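*Asks:*
There are 2 protein chains.
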Amino acid sequence: MSFPKNIFNSHPPEDGNFFLGMKRILGFKPKKLKIYKKAFLHRSANKKDKDGNPMNYERLEFLGDAMLGTIISRYLYNEVPEGDEGYLTKMRSKIVSREHLNELGKDLNLIEFVESRIPKTHFGDNIHGNVFEALVGAVYLDRGYDYCVKFIGKRVIEPYVDIEQLEGKVISYKSLLIEWCQKKKKHFDYDVYEDTGKDALKHFAVRLTIGGNIVAKARATSKKKAEERASKRAYFALQSKIDKN
Amino acid sequence: MSFPKNIFNSHPPEDGNFFLGMKRILGFKPKKLKIYKKAFLHRSANKKDKDGNPMNYERLEFLGDAMLGTIISRYLYNEVPEGDEGYLTKMRSKIVSREHLNELGKDLNLIEFVESRIPKTHFGDNIHGNVFEALVGAVYLDRGYDYCVKFIGKRVIEPYVDIEQLEGKVISYKSLLIEWCQKKKKHFDYDVYEDTGKDALKHFAVRLTIGGNIVAKARATSKKKAEERASKRAYFALQSKIDKN
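Line order of the protein sequences matches chains F and W. Going by the UniProt record's numbering, the first residue of the first sequence is number 1, and it counts up by one from there. Going by the UniProt record's numbering, the first residue of the second sequence is number 1, and it counts up by one from there.
Shown next as C-alpha cells:
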C-alpha cells in the first residue's frame, strides 16, 4: 500500500476547492465555510478559537449525532406506522450504528478534507463516522433543520436505508436478482473494475447487465458492496416485474 | 390521601376543554388535536388506528425523546462554548434524566389528560416524563421543528435548566439568598400555602418577601421545591445587587 500524496495535511485545502468539495457532498451550497472547516478539524491539529477554547470537530459531532438520531426517528415514525417503540428504537440503532456511519463516511471519502497532524493512514475506522456526524452538525448550524433533513435524506436514507434489509427479510439483493434471472433464463453479468480516480480511497465500480441491457451502476469501497448496491438498484428498477413472477 | 374525582378516566375530555388545556401548556394553539390526544393515550386503553395498529403514546414518546435530546444539545452547544463533547454529553443527560422529566411532567399536571383503563393513582412516576416526551413528539408532528424549540424553551430550559446548578456550583439558591439577606440585615419571609385548586396533584405556592417587598412567587409539587424555585427567581431578579456585595 502506498501513502497518499499529502501525508501531513496540516493546512486547509484552498477555499475554492473546499467549497466545491462541500457542495458536491452536500448537494447544496454551504454558506459559512468556517463551520464546515471545523467539522474536519482533528484535535491533533491543536487549534484554538479566539477565546482560547480548543477547536476541533468533537462538539459538532455531539450536535450532529443528536440531529441524525432525530431525523432518522422521524423517518421511521412515518415509514413504519405499525412498528412499536421497541421496534423503532432497534431500527434506529441499526441505521446509526458506528459500523454503518463509518462505511458511509468512507464512501463519501470525507477523510480527504480532514486537517490533522496525524498521518491519515494512522487513523482507525471511526474517524469516517465521526466526521460524518460533525458534518451533519455543521449543516444544521449553517443552514438549519430543513437542510439537515435534506442532507440526511440524500446521503443516509436514500442510498443506505432499506427497511426490509434491516429487518433481515432481505439478506442479499444480489442473490434475489440472480435467482430471478435464472428462473427467467436471462443472462446476467456483473462487470467490475477498480476505479481509484483522484480519491484517496480505492473504489470499485460495477455495471450490471441483464439480457444485454445495462440495468444499474454502482460504486463502493469493496467489490462485494458495489455488486450488492448495483443489485439493489436493479431490484427496485425491476421490482414490478420481479414481484409479478 | 383521597382519590381524585375521575378515578377511571377512559373517556377523552371534551374537545373544547382539551384544546384550552393544551393551549395553556403549549403556549400556542394546537392545530391537529388528534395528535395531542394520542400523546395522552395509555396502552391500557387498547385503542387501534384505522389499519388495526395499536394506538398509544409510545411511538410519540420515541419521537419526542429524540427531539428533546437534539434541542437540548443545540442549547448546550451555544450556551457553553468552552465545554467539550464529554461535558456536553454529561450535562444533557442531567437535563433529560428520567427524574427530571418526571418532575417536569408532574409540575405541568399532564396526568389530568391521560386516557387509560388503569386508575391514575396506580401509575408509577415514569408516566409523567413519558407523557411529556410524547407531547414533544406531538408538537413536532403538529407544528414542526421551530415550535418544538419554542415549547422546550418555555417548558424545559427557561424554568428548569440552570447550568451553574447542574454543574454543582450552586447547590441551593435558598441558602445563597438567606446568606445575602443576613449579611445585608434584611428581613425575609417564605410564605407557603397549600394550593390544590382543581389539579389532581397537590401543589404548594410560595411568596418570598424581602424587606417588606414581594420579590418572587413560585409553585411546585413540594414545599421545598417551591421555596427553591422562588429563591432562584429572586436570585436572578436581584442578581446585580447580590453580585456587587
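All residues carry an ideal CB built from backbone N, CA and C; glycine is no exception. Predicted model, so just to flag it, every value in this text is computed and none were measured.
(1) If you drop the 5 nearest sequence neighbours on each side, which residues of the same chain put their C-beta closer than 7 Å to that of F/F40?
(2) Considering only their Cβ atoms, is the gap separating F/Y235 from F/Y173 smaller than 8 Å?
(3) Quick check on W/A66 - is its C-beta less than 8 Å from some C-beta in chain F?
(4) In the DSSP assignment, find the unbroken alpha helix (DSSP H) run with W/V136 in it and report its ends.
(5) From W/V156, W/G86, W/E82, pick the residue whose C-alpha is nearest to that of F/K50; which is it?
(6) Which chain F residues sit within Cβ distance under 7 Å of W/S73?
(7) Give the DSSP bridge partners of F/L41, in chain order.
(8) Can you give the beta carbon distance from W/R117 to W/S44, rounded, assuming they're within the 8 Å contact cut?
(9) Of all the CB atoms in chain W, is at least one closer than 8 Å to the CB of F/N102?
(10) How would you write the range of the beta strand (DSSP E) that F/T209 sits in, first residue to last?
(11) Kindly list the residues whose CB is nearer than 6 Å to the CB of F/K232, restricted to its own chain and excluding five residues on each side of it in sequence; keep chain order.
(12) Quick one, are the C-beta atoms of F/A237 and F/V206 less than 8 Å apart?
(13) Do you know offhand how far F/K202's Cα is from F/E194's?
(14) Do the region 85 to 94 of chain F and the region 58 to 74 of chain F make contact, defined as three or more Cβ pairs closer than 8 Å?
(15) Using a Cβ cut-off of 8 Å (strictly closer), state whether F/G124 contacts chain W.
(16) Report all residues from its chain with a CB closer than 6 Å to the CB of F/F28; omit the five preceding and five following residues, and keep chain order.
(17) Do we get a CB-CB distance below 8 Å when we pair W/E133 with the residues of chain F?
(18) Do the region 95 to 109 of chain W and the region 29 to 39 of chain W touch if we need at least three Cβ pairs shorter than 8 Å?
(19) What are the residues of the region 79 to 98 of chain F that lie near chain W, defined by any Cβ-Cβ distance shorter than 9 Å?
(20) Does any residue of chain F bring its CB to less than 8 Å from the CB of W/I7?
(21) Between W/R74 and F/L60, how many whole angstroms is the CB-CB distance? I'm expecting something under 8 Å.
(22) In whole angstroms, give me the CA-to-CA distance for W/K106 and W/G129.
(23) So, is residue 328 of chain F buried or exposed, given that buried needs 16 or more other C-beta atoms within 10 angstroms?
*Replies:* Checking against the coordinates, here is how it stands:
(1) Y57, F113, V114, E115, V131
(2) yes
(3) yes
(4) 126 to 143
(5) W/E82
(6) F62, L63, A66
(7) F/E115
(8) 4 Å
(9) no
(10) 204 to 210
(11) Y173
(12) no
(13) 7 Å
(14) yes
(15) no
(16) none
(17) no
(18) no
(19) P81, E82, G83, D84, E85, G86, L88, T89, R92
(20) Low per-residue confidence applies at W/I7: pLDDT is 43, beneath 50, and the placement is therefore not dependable, though the value from the model is reported in the following sentence. No, no contact with chain F.
(21) Not quite, the Cβ-Cβ distance comes to about 11 Å (not below 8 Å), so this is no contact.
(22) 8 Å
(23) A query on residue 328 of chain F cannot be resolved here, the shown segment of chain F reaching from 1 to 245 and no further.
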